[in-house]
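Peer 1:
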Amino acid sequence: EAGVAQSPRYKIIEKRQSVAFWCNPISGHATLYWYQQILGQGPKLLIQFQNNGVVDDSQLPKDRFSAERLKGVDSTLKIQPAKLEDSAVYLCASSPRLAGIYNEQFFGPGTRLTVL
Amino acid sequence: SQQGEEDPQALSIQEGENATMNCSYKTSINNLQWYRQNSGRGLVHLILIRSNEREKHSGRLRVTLDTSKKSSSLLITASRAADTASYFCATDARDSSYKLIFGSGTRLLVRP
């Protein structure tokens, strides 16, 4: 079974530029998550999709971050414009079932973003 | 804010020794999960323990949960160099999203 795919793996941009990340979850997984992981910290949830609907985006900085999950499969996360503090690893994860209390999550390798 | 906090922040042991990591959390939970993250890679799910369970085993892993103290521990027995990684506990938010809230992690180094 193929895992969660993410691209690109690395991205370096100047502040105020825009950037987009792509995620392809494991086939058939209903729930998709985007996390931000700053160096030395644990992942912080940015947004959670169930199929193509948003379940939780309470920690997404909506003035600069946006995300969509078209047709309930692939997802993109965009930052526009980027700030220095956005430098982090962006992790995508998926879960086979609808949001529930016993869901384990399967993570992709992440995209390491450096904002200069 | 982070629900779970791991202790210690870093741990260095010799191969073959046991490694114990602790996690404390603040609010009631449905379950607690442990994940491993190798350097520069995504997280891998290790084990899930439900709030009505006290202990769970998986291979060389043993997890305990004490809901009265709001704490959990992860024991890795007979450690190997390949166990070198960061370990995170994650607890679910008791709201309709069932989202996970991760702690800050314990960085484990197993010396050959």
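The listed protein sequences derive, respectively, from chains A and B. Per our numbering, the first sequence runs over residues 233 to 348. Per our numbering, the second sequence runs over residues 3 to 114. Note that CB positions come from ideal geometry on N, CA and C, so glycine has one too.
Relative to the C-alpha of residue 323 (chain A), which residue among A:253, A:246, A:249, A:247 is closest?
Peer 2: As a position in the first sequence, residue 323 (chain A) is number 91, starting the count at 1. When only C-alpha atoms are compared, the closest one is A:253.
Peer 1: Go to residue 57 (chain B), then tell me how far its beta strand (DSSP E) extends in each direction, as first and last residue.
Peer 2: On the second sequence, position 55 is the one that residue 57 (chain B) refers to. Residue 57 (chain B) -> beta strand (DSSP E) spans 57-60.
Peer 1: Which residue marks the beginning of the beta strand (DSSP E) containing residue 320 (chain A), and which one marks its end?
Peer 2: One-based indexing of the first sequence puts residue 320 (chain A) at position 88. Looking at the DSSP string, the run of the beta strand (DSSP E) that includes residue 320 (chain A) is 320-327.
Peer 1: Is residue 316 (chain A) helix, strand or coil when you go by DSSP?
Peer 2: Taking the first residue of the first sequence as 1, we reach residue 316 (chain A) at position 84. Looking at residue 316 (chain A) - three-state DSSP - the assignment turns out to be helix.
Peer 1: Quick one: list the residues of chain A neighbouring residue 59 (chain B), beta-carbon separation under 9 Å, in chain order.
Peer 2: What you label residue 59 (chain B) is simply residue 57 of the second sequence in a count that begins at 1. In chain order: nothing, as chain A lies at least about 17 Å away.
Peer 1: Starting from the C-beta of residue 24 (chain B), find all residues in its chain whose C-beta is less than 6 Å away, skip the five residues before and the five after it, and write them out in chain order.
Peer 2: Walking along the second sequence from the start, residue 24 (chain B) turns up at place 22. Cβ within range, chain order: 9, 75.
Peer 1: By a C-beta neighbour count over all protein chains shown, 10 Å radius and 16 as the cutoff for buried, is residue 108 (chain B) buried or exposed?
Peer 2: In the second sequence, the residue the question calls residue 108 (chain B) occupies position 106. So residue 108 (chain B) ends up on the buried side.
Peer 1: Whose Cβ in chain B lies nearer than 9 Å to the Cβ of residue 284 (chain A)?
Peer 2: For this step, residue 284 (chain A) is matched to residue 52 along the first sequence. What residue 284 (chain A) touches in chain B: nothing, since even the nearest Cβ is about 16 Å away.
Peer 1: Please classify residue 264 (chain A): is it buried, with 16 or more other beta-carbons within 10 angstroms of its beta-carbon, or exposed?
Peer 2: To locate residue 264 (chain A), count along the first sequence from 1; it is residue 32. So residue 264 (chain A) counts as buried.
Peer 1: What are the boundary residues of the beta strand (DSSP E) that includes residue 343 (chain A)?
Peer 2: In the first sequence, the residue the question calls residue 343 (chain A) occupies position 111. Residues 343-347.
Peer 1: Between residue 140 (chain B) and chain A, is there a C-beta pair that is closer than 8 Å?
Peer 2: For chain B, the structure presents residues 3 to 114; residue 140 (chain B) sits outside this window and is missing.
Peer 1: Identify the contact partners of residue 335 (chain A) in chain B, using a Cβ-Cβ distance below 7 Å as the criterion.
Peer 2: What you label residue 335 (chain A) is simply residue 103 of the first sequence in a count that begins at 1. What residue 335 (chain A) touches in chain B: 100.
Peer 1: Which chain B residues sit within Cβ distance under 7 Å of residue 268 (chain A)?
Peer 2: The sequence position of residue 268 (chain A) within the first sequence is 36, counting from 1. Ordered by position in chain B, no residue passes the 7 Å Cβ test against residue 268 (chain A), which lies about 11 Å from the chain.
Peer 1: Starting from residue 14 (chain B), trace the beta strand (DSSP E) both ways and give me its first and last residue.
Peer 2: Mapped onto the second sequence, residue 14 (chain B) falls at position 12. Taken as a continuous stretch (DSSP letters only), the beta strand (DSSP E) holding residue 14 (chain B) covers 12-16.
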